[in-house]
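**Q**
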Amino acid sequence: MSKSRILVVEDQALLRWHAVDMIENAGFIALEAEDADAAIASLKLSADVQLVFTDIEMPGSMDGIQLAALIRDRWPSMHVIVTSGREPVDVSTLPAGCPFVAKPPMWPALIETMRCLTAA
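Below you can see the structure in the form of structure tokens.
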């Protein structure tokens, strides 16, 4: 059975590396992007990404909510989990079916959510 691919989109390198490490330790293949533009480029090259884990606030042409909406439009079968350390986040602004996880995430619960989404 092949491992699920998860793209981590986070502009803060240490947080991105930590997320990649946690995801890989859970048995997934983790890809990384520092902003939405890099994420879109990666998704165009890797059609087998099953889930994107994206921060809301990042530099570049769009934020994580806009990225989640774009992914929903272009790759409707791809799952997206949105995260932020800023409170409060109005979850009604998130695209349908995109769960929100506050930073710092509770990694066991987040990994379980990722497993459930990628198994579907």
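Using numbering that gives the first Met the number 0, the first residue of the sequence shown is number 0, and each one after it goes up by one.
Ideal placement from N, C-alpha and C gives every residue a C-beta, glycine not left out.
Remember, predicted model here, so these are calculated numbers, not experimental data.
1. Under 8 Å by Cβ, that's how I've got PHE99 and VAL81 pegged, so tell me the actual separation to the nearest angstrom.
2. Return helix, strand or coil for LEU93, following the three-state DSSP convention.
3. Would you tell me roughly how many angstroms separate the C-alpha atoms of GLU56 and GLY26, rounded to the nearest one?
4. Apply the 10 Å Cβ neighbour rule to SER3 and answer buried if 16 or more other Cβ atoms are within range, or exposed otherwise.
5. Taking just the CA atoms, how far does ASP34 sit from ALA119?
6. Would THR53 pass as a contact of ALA29 if the rule is Cβ separation under 8 Å?
7. Cβ atoms of VAL48 and ALA32: under 8 Å apart, would you say?
8. Determine which residues share a DSSP beta bridge with LEU30 and list them.
9. Short of 7 Å in beta carbon distance, which residues of its chain neighbour TRP106, apart from the five on each side in sequence? Order them along the chain.
**A** From the atom records:
1. Indeed, because the Cβ distance is near 5 Å, the residues count as touching under 8 Å.
2. Coil, per DSSP.
3. For the pair GLU56 and GLY26, the Cα-to-Cα distance works out to about 27 Å.
4. By the neighbour-count rule (16 or more Cβ atoms within 10 Å), SER3 is buried.
5. So the two alpha carbons sit approximately 27 Å from each other.
6. Going by C-beta atoms, THR53 is not nearer than 8 Å to ALA29.
7. No, they are not a contact pair.
8. DSSP lists LEU6 as the beta-bridge partner residues of LEU30.
9. The beta carbon of TRP106 lies closer than 7 Å to those of MET21 in the same chain, with the five residues before and after it left out.
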